[in-house]
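For reference, the structure is listed below as structure tokens.
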Amino acid sequence: MRKGKIRSVAPCRGWRSRPVAVDRLGKRQARDYLSDAVLKEGLVMILSRFALVVALALGSPLHAETAVEAPAASASVQALADVLQLDALFQVLRDEGLAHGESLAEDMFPSGGGADWDASVSRIYDVAQLRGEFAKALGQALAADPAAVAEVTRFFASDLGQRILTLEIEARRTFLDQAAEEAAQVAADDAAAAKDPKVAQLRRMIEAADLVEMNVAGSLSGNLAFMTGMASSGAYGVLPPDQLLSDVWGQEDQLRADTSTWLYSYLGLAYDPLTDAELDAYIAFWESPAGQHFNGALFAAFDSTFRQVSLELGKAAGLAMQGNDI
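Position in the sequence shown counted from 1, then plus 2, gives you this note's numbering.
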């Protein structure tokens with residue numbers, strides 16, 4: 003298993019002949035086994051900054067106040083989506099999901115994966131479907147403030163904005179290699195020990211957007227969805243909601259520590275090519291009212307999209323454990 007990973011929920015190499023039989027493990031033991039697997043692999047989506055999310059929903063979706071404003075808001079959000087490099091981002095997220103699925107299959111299905119599991123994971127992580135759901139949720143979250151949307155679009159359409167998006171996505175792609183991620187963590191630790199000024203900049207960014215707490219909240223939400231999906235499959239019997247909540251909340255401290263480590267490693271790698279002035283400009287953008295609104299909308303959109311992914315994945319894993327068709 004890949005220790006300490008914070009990555010998206012995503013199975014890939016499926017399930018084969020001998021599933022982990024719940025009647026063999028016992029319900030409590032099976033639940034503990036599953037809970038450990040969920041925690042260790044971090045069935046969540048920590049996307050840094052633009053790419054940085056999974057977290058709290060903002061409550062009820064925001065809507066344009068009048069029918070006249072709605073088309074304009076929709077057009078402005080579409081213009082924003084056009085500059086955000088969503089196709090490249092969601093392809094990397096799919097790759098992360100598929101890679102995670104291999105680890106999930108190894109941990110939860112001792113006999114290995116199989117074609118049914120592969121097909122199920124591939125369906126759950128369909129790029130076009132996820133991108134469409136995300137864009138719709140983002141539009142709902144941003145619809146009430148077209149002025150903020152315009153400001154965000156101007157920033158990310160700029161040369162610096164496009165460069166930053168590319169760096170973020172490439173860093174996530176680099177993290178598909180475990181050795182590269184471990185090297186980034188060592189580099190982050192070394193930078194902190196040397197009191198590198200860029201570490202203070204990263205801390206400012208993390209604090210401005212409350213990235214640790216928002217991502218922990220999203221991680222817990224995703225893990226609860228995964229366990230709920232598992233429970234709905236009958237994989238470990240009928241468990242009351244308060245028991246599921248207790249199991250998931252027991253992961254909070256470890257998730258917070260893993261999240262902080264991951265953020266400094268990932269952001270340090272992604273923004274290493276930026277000058278101090280460029281990174282300061284980016285942080286100032288996120289500290290602005292428009293940046294704050296956009297940050298919240300991103301968390302809402304990714305949470306809405308990937309909570310459903312976690313639920314479907316948990317159900318598929320539960321069915322596979324019992325030897326049922328996924």
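Cβ coordinates follow ideal geometry from the N, Cα and C atoms, glycine included.
All values reported here derive from a predicted model rather than from experimental measurement.
Is Ala322 helix, strand or coil by DSSP? helix
Does Ser113 pass the burial test, meaning 16 or more other C-beta atoms within 10 Å, or should it be called exposed? exposed
Exposed unless 16 or more other CB atoms sit within 10 angstroms - verdict on Gln183: First, the amino acid is wrong: residue 183 is Glu here, not Gln. Buried, because 16 or more other Cβ atoms sit within 10 Å of the Cβ of Glu183.
Member of Gln187, Phe92, Thr168 whose CA lies at the smallest distance from the CA of Glu135: Phe92
From which residue to which residue does the alpha helix (DSSP H) around Lys138 run? 129–144
Rounded to the nearest angstrom, how far is the Cβ of Thr168 from that of Gln253, given a contact under 8 Å? Contact flag wrong, Cβ pair sits at about 33 Å.
Use the C-beta contact count for Asp305: other C-beta atoms within 10 angstroms, 16 or more gives buried, fewer gives exposed. buried
Where the alpha helix (DSSP H) containing Leu204 begins and where it ends: 199–210
What's the call for Val188, buried or exposed, on a 16-neighbour Cβ count within 10 Å? exposed
Under a Cβ-count criterion, where at least 16 other Cβ atoms within 10 Å of its own Cβ denotes burial, should Gln142 be classed as buried or exposed? buried
Nearest candidate by alpha-carbon position, reference Gly298, set Pro242, Val129, Glu215, Ala121: Glu215
According to DSSP, is Ala237 part of a helix, a strand, or is it coil? strand
C-beta atoms of His295 and Asp84 nearer than 9 Å: no
Between the beta-carbon of Phe158 and the beta-carbon of Tyr268, is there less than 9 Å? no
Starting from Val168, follow the alpha helix (DSSP H) in both directions and report where the run begins and ends. According to the sequence provided, residue 168 is Thr. The question's Val does not apply to it. 161–176 is the extent of the alpha helix (DSSP H) around Thr168.
Taking 8 Å as the cut-off, does the CB of Ala90 come closer than this to any heavy atom belonging to the ligand MN? Judged by which ligands are present, the structure shown has none, so any question about the ligand MN falls away.
Taking the continuous alpha helix (DSSP H) assigned at Thr261, which residues delimit it? 254–273
Can you find at least 3 beta carbon pairs, one from the segment 184–203 and one from the segment 116–123, that sit closer than 8 Å? no
My assumption, with CB atoms under 8 Å, is that Glu170 sits in contact with Ala272. Please give the rounded CB distance. 5 Å
Boundaries of the alpha helix (DSSP H) in which Ser105 is found, first to last residue: 88–110
Classify Arg165 as buried or exposed, calling it buried when 16 or more other Cβ atoms lie within 10 Å of its own Cβ. exposed
Less than 9 Å between the C-beta atoms of Ser235 and Gly103, yes or no? no
Euclidean distance between Cα positions of Glu108 and Asp260: 21 Å
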